[in-house]
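In what follows, a single structure is set out as structure tokens and then discussed.
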Amino acid sequence: VAKAYGVNNPITGQYLELSLELKNQKNDLNNFKEFVINHLKSKLPRHMIPSRIKIQSQTLSHRFKKL
């Protein structure tokens with residue numbers, strides 16, 4: 004699952020952040036982040052490239068949590 008959203012910054016206004024939830028964690032996350040950035044640079048205009056990428060393990064949605 005991937006989500007892109009704007010994050011407020013008091014100096015620059017906003018920056019774009021990309022949050023990725025991976026099913027299988029890669030061993031080398033830094034290389035994976037570089038791969039994602041390079042791929043996005045080849046497909047998107049410069050202002051649409053995220054400044055930060057956060058990688059998380061896959062989480063359960065609220066429907067699957069036990070009470």
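The sequence shown begins at 4 in the numbering used here and counts up one residue at a time. Where a beta carbon is used, it is the ideal one built from N, C-alpha and C, also for glycine. This structure is a prediction, so every number in the text was calculated from the model and none was measured.
Check                                                                                : Outcome
Separation of TYR18 from LYS44, as counted between CA atoms                          : 16 Å
Straight-line gap, GLN28 to PRO53 (C-alpha atoms, nearest Å)                         : 21 Å
ILE40, DSSP secondary structure in three states                                      : helix
Straight-line gap, LYS46 to PHE38 (C-alpha atoms, nearest Å)                         : 13 Å
Residue span of the beta strand (DSSP E) that contains LEU23, given as start and end : 16-25
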